[in-house]
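Enquirer: Line order of the protein sequences matches chains P, G and U. Just so you know, we're using this note's numbering here: the first sequence kicks off at 1 and counts up by one. Just so you know, we're using this note's numbering here: the second sequence kicks off at 1001 and counts up by one. Just so you know, we're using this note's numbering here: the third sequence kicks off at 2001 and counts up by one. Quick reminder that beta carbons are idealized off the backbone N, C-alpha and C, glycines included.
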Amino acid sequence: MKEDEEGQLEARIRRLEDESEIRRLVLSYGPAADAGLTSLAASRWLKDGVYDWDSDGEPYAGRAAVDEMLQGDGHQGLIAHGVAHFAGPLLVEVEGDRACALNYSLIMRREDDRYFLWRVSAVRWDVERAGPLWKVRRRTNRLLDASGGGRQLFTDTLKDLFGEEAV
Amino acid sequence: MKEDEEGQLEARIRRLEDESEIRRLVLSYGPAADAGLTSLAASRWLKDGVYDWDSDGEPYAGRAAVDEMLQGDGHQGLIAHGVAHFAGPLLVEVEGDRACALNYSLIMRREDDRYFLWRVSAVRWDVERAGPLWKVRRRTNRLLDASGGGRQLFTDTLKDLFGEEAV
Amino acid sequence: MKEDEEGQLEARIRRLEDESEIRRLVLSYGPAADAGLTSLAASRWLKDGVYDWDSDGEPYAGRAAVDEMLQGDGHQGLIAHGVAHFAGPLLVEVEGDRACALNYSLIMRREDDRYFLWRVSAVRWDVERAGPLWKVRRRTNRLLDASGGGRQLFTDTLKDLFGEEAV
Chain P
1 MKEDEEGQLE
11 ARIRRLEDES
21 EIRRLVLSYG
31 PAADAGLTSL
41 AASRWLKDGV
51 YDWDSDGEPY
61 AGRAAVDEML
71 QGDGHQGLIA
81 HGVAHFAGPL
91 LVEVEGDRAC
101 ALNYSLIMRR
111 EDDRYFLWRV
121 SAVRWDVERA
131 GPLWKVRRRT
141 NRLLDASGGG
151 RQLFTDTLKD
161 LFGEEAV
Chain G
1001 MKEDEEGQLE
1011 ARIRRLEDES
1021 EIRRLVLSYG
1031 PAADAGLTSL
1041 AASRWLKDGV
1051 YDWDSDGEPY
1061 AGRAAVDEML
1071 QGDGHQGLIA
1081 HGVAHFAGPL
1091 LVEVEGDRAC
1101 ALNYSLIMRR
1111 EDDRYFLWRV
1121 SAVRWDVERA
1131 GPLWKVRRRT
1141 NRLLDASGGG
1151 RQLFTDTLKD
1161 LFGEEAV
Chain U
2001 MKEDEEGQLE
2011 ARIRRLEDES
2021 EIRRLVLSYG
2031 PAADAGLTSL
2041 AASRWLKDGV
2051 YDWDSDGEPY
2061 AGRAAVDEML
2071 QGDGHQGLIA
2081 HGVAHFAGPL
2091 LVEVEGDRAC
2101 ALNYSLIMRR
2111 EDDRYFLWRV
2121 SAVRWDVERA
2131 GPLWKVRRRT
2141 NRLLDASGGG
2151 RQLFTDTLKD
2161 LFGEEAV
């Protein structure tokens, strides 16, 4: 096999590995948050990464701010009663050392002997390669409700992912 | 490396890439539909592809019919109030230029300050390679309710995917 | 390409294929169970594999015990009315011929003209290579409720998957 053919195969494998690693990054947040492993959950972000969690609140700026939120009474009350921060399958596009991804986030809460769907959000993930791992530069959530925030976030992100196809 | 060994590695990489591309195809429908990007959502199908969405209704025949449905009052009313056309993770089997896949589809709707699960369906995807992309030949949905439609669709599809194992 | 470089590429491809095969293993249980294909669903397990489905009940020991449970009145009643044993996307770590994976399991049931979330569980999968396929050695479910069972299962599993990162 010629050197350049070998390099092409390796590049194709690396892209698949990147996709796998980014899935691992995104899918580990929910279980870590629901387990109360706040430091692991927060370490999904770059130190100066941002969690823009809703249009109605201030974004959490920096990994430490995400950790602090997860240690707070609000989140701790949720996990004491029973909660699932469920992430749907990821639509991801890798470009070199950056990637943009999109999925749905569902928060389910225990109530009596069943669960209810509390929040259903559109999510955009901007992630970066950081050494051997990938980390979150910015996570943006918007509710899929009458405000139109979720629709707008999906629209903008799909235009970035699909280009002219999405116009 | 001998030429045939090289070809074998390349074929294994291509199968993984095909799986990734088919996931991308399937997972982009929901966000595009919920964003109101009707043309992008409809372009998941081949021009003469079919969306057989329920046993109680006429299938949408052709990409233009899917686009028209998404532009209609029913769908537009859903997205104005808040809706998620959520696709579960995909079980997929690639055979050359065709693939068969299966997943669950969940439609969640906003109601007061929470969401409810409106439709939970078994889904079968018959997809085909179309140039560098994959497109949908036929999507079939059946509710998992007392009609037994969802059970039958899962049964038939699993027999195609798993052969004798599923008997 | 040198022999060892070729071997390295092949090992990386095999790891990705293993991940794909393990996803296929896990994602086929729900549709098979909901379709009533009890033998296919049970064959996800090794013959002496274990399904530890809740802290309040005896684990099903062996593939035949899983099959028997699925043939029983409880499960058959669920599928007659309409049910989805939905598995969320999988966080998986392969180590040679074994792998550990984690996801959420959601059981949705038909009620009137909609569905409700009956059980939301943390799930840990211990799986093994068995010839060309992978099979389940042990599946452990714990509800994400006030008992803390789900939180503990996620905590223990994330420590196995992420090591010092999760401390």
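1. Does G:Trp1053 have its Cβ less than 9 Å from a Cβ in chain U?
2. Do U:Gly2082 and G:Asp1156 come within 9 Å of each other at the CB atom, strictly closer than that value?
3. Please identify the residue among P:Asp113, P:Leu158 and P:Asp97 whose C-alpha is closest to the C-alpha of P:Arg137.
4. So, under 8 Å CB-CB, U:Ala1970 and G:Tyr1029 are touching, yes? Tell me the CB distance rounded to an integer number of Å.
5. For G:Gly1049, which three-state DSSP category applies?
6. Closer than 9 Å, CB to CB, is U:Tyr2029 near chain P or not?
7. If contacts are defined as beta-carbon pairs under 8 Å, then P:Ser43 and P:Arg14 qualify, I think. What distance do you get, rounded to the angstrom?
8. May I ask you to check if the CB of U:Ala2122 is nearer than 8 Å to at least one heavy atom of the ligand COA?
9. Between the stretch 2051-2062 of chain U and the stretch 50-60 of chain P, do at least 3 Cβ pairs fall closer than 8 Å?
10. Label G:Gly1088 either buried or exposed according to how many other C-beta atoms from any shown protein chain fall within 10 Å of its C-beta, with 16 as the threshold for buried.
11. Measure from the C-beta of U:Glu2010 to each C-beta in chain G and report whether the shortest distance is under 9 Å.
12. Are the C-beta atoms of G:Leu1025 and some chain U residue less than 9 Å apart?
13. Out of P:Leu117, P:Gly148 and P:Ala32, point me to the one whose CA is closest to P:Gln71's CA.
14. Measuring straight from C-alpha to C-alpha, what distance separates P:Val50 and G:Gly1036?
15. Please compile the residues from chain P whose C-beta is within a distance smaller than 7 Å of the C-beta of G:Pro1089.
16. Determine the contact status of G:Asp1034 and P:Phe86, defining contact as a CB-CB distance below 9 Å.
17. When Cβ atoms are compared, which residues of the stretch 2125-2149 of chain U fall closer than 9 Å to chain P?
18. Between the Cα of U:Phe2162 and the Cα atoms of U:Ser2039, U:Gly2131 and U:Val2094, which residue gives the shortest distance?
19. Hey, how far is the Cα of P:Phe116 from the Cα of G:Tyr1115?
20. Against chain G, does U:Ser2020 count as a neighbour if the rule is that its beta carbon must be under 9 Å from one of theirs?
21. Output, in chain order, the set of chain P residues within a Cβ distance shorter than 8 Å of U:Ala1964.
22. List the whole-angstrom C-beta distance separating U:Arg2139 from U:Ser2121, where the pair is believed to meet the contact cut-off of C-beta under 8 Å.
23. Return the CA-CA distance between U:Leu2009 and G:Leu1016, expressed in angstroms with no decimal places.
24. Quick one: give me the first and last residue of the alpha helix (DSSP H) that G:Arg1012 is part of.
25. Is P:Leu106 near P:Leu27, with beta carbons less than 9 Å apart?
26. How long is the line joining the alpha carbons of G:Gly1150 and P:Val127, rounded to whole angstroms?
27. If we define contact as Cβ-Cβ less than 9 Å, is U:Leu2037 a contact residue for chain G?
28. Quick one: what's G:Phe1116 bridged to in DSSP?
29. For U:Thr2038, which residues in the same chain have their Cβ closer than 7 Å to its Cβ, ignoring the five residues on either side in sequence?
30. For chain P, is any of its Cβ atoms less than 9 Å away from the one on U:Ile2079?
31. Within 9 Å of any Cβ in chain G, is that where the Cβ of P:Asn83 sits?
32. Determine whether the beta carbon atoms of U:Leu2102 and U:Val2092 lie at a separation below 9 Å.
33. May I have the straight-line CA-CA distance separating P:Asp160 from G:Glu1019, to the nearest angstrom?
34. Taking only three categories from DSSP, how would you classify G:Asp1126?
35. Using a Cβ cut-off of 8 Å, pull out every chain U residue sitting near G:Arg1014, in sequence order please.
36. Starting from U:Tyr2060, find everything on chain G with Cβ-Cβ shorter than 8 Å and list it in chain order.
Expert: Taking the geometry as given:
1. Counted from its first residue, the second sequence places residue 1053 of chain G at position 53. Chain U has no Cβ within less than 9 Å of the Cβ of G:Trp1053.
2. Locating residue 1156 of chain G in the second sequence gives position 156, where the first residue counts as 1. Locating residue 2082 of chain U in the third sequence gives position 82, where the first residue counts as 1. No. Outside cutoff.
3. Looking up residue 137 of chain P in the first sequence gives position 137. The residue with the shortest Cα to Cα distance from P:Arg137 is P:Asp97.
4. Outside the shown range of chain U (2001 to 2167) lies residue 1970 of chain U, about which nothing can therefore be said.
5. By 1-based counting over the second sequence, the position of residue 1049 of chain G is 49. Reduced to three states, the DSSP call for G:Gly1049 is strand.
6. Position 29 of the third sequence holds residue 2029 of chain U. False, the Cβ-Cβ gap to chain P never drops below 9 Å.
7. In the first sequence, counting from the first residue as 1, residue 43 of chain P sits at position 43. In the first sequence, counting from the first residue as 1, residue 14 of chain P sits at position 14. Their Cβ separation, rounded to whole angstroms, is 23 Å, which puts P:Ser43 and P:Arg14 out of contact at 8 Å.
8. Among the components of this structure there are no ligands whatsoever, and the ligand COA is therefore not found.
9. Judged by Cβ distances under 8 Å, the stretch 2051-2062 of chain U makes no contact with the stretch 50-60 of chain P, as fewer than three pairs qualify.
10. Looking up residue 1088 of chain G in the second sequence gives position 88. The residue is buried, with at least 16 neighbouring Cβ atoms inside 10 Å.
11. Stepping through the third sequence from its first residue, residue 2010 of chain U is reached at position 10. Interface residue, yes.
12. Start at 1 with the first residue of the second sequence, and residue 1025 of chain G comes out as number 25. By this cut-off, G:Leu1025 is not an interface position.
13. Position 71 of the first sequence, counting from 1, holds the residue named residue 71 of chain P. Selected option, being the one with the closest Cα: P:Ala32.
14. Locating residue 50 of chain P in the first sequence gives position 50, counting from the first residue. Locating residue 1036 of chain G in the second sequence gives position 36, counting from the first residue. Between P:Val50 and G:Gly1036, the C-alpha separation is close to 27 Å.
15. Here residue 1089 of chain G corresponds to residue number 89 of the second sequence, with the count starting at 1. Near G:Pro1089 (Cβ distances below 7 Å), the residues of chain P are Pro89.
16. Position 34 of the second sequence, counting from 1, holds the residue named residue 1034 of chain G. Position 86 of the first sequence, counting from 1, holds the residue named residue 86 of chain P. Not a contact, by the Cβ cut-off of 9 Å.
17. From the stretch 2125-2149 of chain U, only Leu2143, Leu2144, Asp2145, Ala2146, Ser2147 and Gly2148 have a Cβ closer than 9 Å to chain P.
18. Position 162 of the third sequence, counted from the start, is the residue given in the question as residue 2162 of chain U. Out of U:Ser2039, U:Gly2131 and U:Val2094, U:Val2094 has the C-alpha closest to the C-alpha of U:Phe2162.
19. Looking up residue 116 of chain P in the first sequence gives position 116. Looking up residue 1115 of chain G in the second sequence gives position 115. For P:Phe116 and G:Tyr1115, the distance between alpha carbons rounds to 8 Å.
20. If you number the third sequence from 1, residue 2020 of chain U lands on position 20. With 9 Å as the cut-off, U:Ser2020 counts as an interface residue toward chain G.
21. Given a span of 2001 to 2167 for chain U in the structure shown, any question on residue 1964 of chain U remains unanswerable.
22. Along the third sequence, read from residue 1 onward, the residue named residue 2139 of chain U stands at position 139. Along the third sequence, read from residue 1 onward, the residue named residue 2121 of chain U stands at position 121. U:Arg2139 to U:Ser2121, Cβ: 10 Å. No contact.
23. For the purposes of this step, residue 2009 of chain U is taken as the residue at position 9 of the third sequence. For the purposes of this step, residue 1016 of chain G is taken as the residue at position 16 of the second sequence. Rounded to whole angstroms, U:Leu2009 to G:Leu1016 spans 14 Å at the Cα level.
24. The residue labelled residue 1012 of chain G in the question sits at position 12 within the second sequence. Note, G:Arg1012: alpha helix (DSSP H), Glu1003 to Ala1035.
25. Position 106 of the first sequence holds residue 106 of chain P. Position 27 of the first sequence holds residue 27 of chain P. No, the pair does not count as a contact, with Cβ atoms beyond the cut-off.
26. Here residue 1150 of chain G is taken as the residue at index 150 of the second sequence, counted from 1. Here residue 127 of chain P is taken as the residue at index 127 of the first sequence, counted from 1. About 37 Å.
27. Position 37 of the third sequence, counted from the start, is the residue given in the question as residue 2037 of chain U. It does: the Cβ of U:Leu2037 has a partner Cβ on chain G nearer than 9 Å.
28. The count along the second sequence starts at 1 and reaches residue 1116 of chain G at position 116. G:Phe1116 is bridged to G:Arg1109.
29. Locating residue 2038 of chain U in the third sequence gives position 38, counting from the first residue. Excluding sequence neighbours, U:Thr2038 sits near Asp2067, Leu2070 and Gln2071.
30. Your numbering for residue 2079 of chain U matches position 79 in the third sequence. False, the Cβ-Cβ gap to chain P never drops below 9 Å.
31. Start at 1 with the first residue of the first sequence, and residue 83 of chain P comes out as number 83. Correcting the residue type first, residue 83 of chain P is Val in the shown sequence and not Asn. No, its Cβ sits nowhere closer than 9 Å to a Cβ of chain G.
32. Taking the first residue of the third sequence as position 1, residue 2102 of chain U is located at position 102. Taking the first residue of the third sequence as position 1, residue 2092 of chain U is located at position 92. A contact, by the Cβ cut-off of 9 Å.
33. Locating residue 160 of chain P in the first sequence gives position 160, where the first residue counts as 1. Locating residue 1019 of chain G in the second sequence gives position 19, where the first residue counts as 1. Looking at the two C-alpha atoms, the distance is approximately 22 Å.
34. Here residue 1126 of chain G refers to the residue found at position 126 of the second sequence. Residue state, collapsed to three classes: strand.
35. Taking the second sequence and counting its residues from 1, one reaches residue 1014 of chain G at position 14. Within chain U, no residue comes near G:Arg1014; the closest Cβ sits about 11 Å away, beyond 8 Å.
36. Walking along the third sequence from the start, residue 2060 of chain U turns up at place 60. U:Tyr2060 does not reach chain G, its nearest Cβ partner there being about 20 Å away, counting only Cβ pairs nearer than 8 Å.
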